[in-house]
Amino acid sequence: MIRGRTRRRWLFAVLAGCAVLVAGCSGEIDPAKLPGVYRADGGGTIELSADGTFTATGVTTSEGAEPVDFSGSWDYEDPGTSSDFVYLGVEDGGLGRTGGIQLYVDDQDTLYFRSDPDGPVTQELDKVS
């Protein structure tokens, strides 16, 4: 009986350790690999250029909003206490009075808009090039 408990504890410890290692590796984002073109299934494209500029075409940044076009500069932010994001500094007035918006980083190839940090994803964009 004791040997069975010891095996189960050992197995649990090994599985828990593997889970921690996998979780730690999946969160690594290399900002140098973010430039490229990202597309949403329902339409919308964002191009992040290596020079720190971006263009957004037909994207939906908040729930219930119409798709919009805008451009400007981008910068990767890793706050350490919450989700990593790309800060989009809007320069052309495409979002009205908003000077910038956060585009969250899910992984190296997926970005998404979420108007409420606790709410649903508004639009997800996958890297295509």
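According to full-length UniProt numbering, the sequence shown is numbered sequentially starting from 1.
Ideal Cβ placement from N, Cα and C applies to all residues, glycine included.
Taking the beta carbon of residue i as the centre, do at least 16 other beta carbons fall within 10 Å, making it buried, or is it exposed?
{"i": "Val-128", "result": "exposed"}
{"i": "Thr-61", "result": "buried"}
{"i": "Ala-32", "result": "exposed"}
{"i": "residue 138", "result": "In this structure the chain extends from 1 to 129, so residue 138 is not present and cannot be described."}
Write down the C-beta distance between residue i and residue j rounded to the nearest angstrom, noting that I regard them as a contact closer than 8 Å.
{"i": "Asp-30", "j": "Gln-108", "result": "7 Å"}
{"i": "Leu-125", "j": "Val-86", "result": "With a Cβ gap of about 11 Å, Leu-125 and Val-86 do not count as contacting."}
{"i": "Gly-72", "j": "Val-90", "result": "5 Å"}
Could you give the distance in angstroms between the alpha-carbon of residue i and the alpha-carbon of residue j?
{"i": "Asp-116", "j": "Ile-101", "result": "12 Å"}
{"i": "Phe-113", "j": "Leu-103", "result": "5 Å"}
{"i": "Val-105", "j": "Ala-56", "result": "16 Å"}
{"i": "Gly-44", "j": "Leu-88", "result": "15 Å"}
{"i": "Thr-110", "j": "Tyr-38", "result": "8 Å"}
{"i": "Glu-66", "j": "Trp-74", "result": "22 Å"}
{"i": "Tyr-76", "j": "Leu-34", "result": "9 Å"}
{"i": "Ser-83", "j": "Ile-46", "result": "19 Å"}
{"i": "Phe-70", "j": "Gln-123", "result": "16 Å"}
{"i": "Gly-64", "j": "Phe-54", "result": "23 Å"}
{"i": "Val-68", "j": "Val-121", "result": "17 Å"}
{"i": "Asp-78", "j": "Glu-28", "result": "11 Å"}
{"i": "Gly-36", "j": "Asp-118", "result": "28 Å"}
{"i": "Gly-42", "j": "Gly-80", "result": "31 Å"}
Ranges of the alpha helix (DSSP H) found wholly within the region 34–93, counting only runs of at least 4: With a minimum length of 4 residues, no continuous alpha helix (DSSP H) run stays inside the region 34–93.
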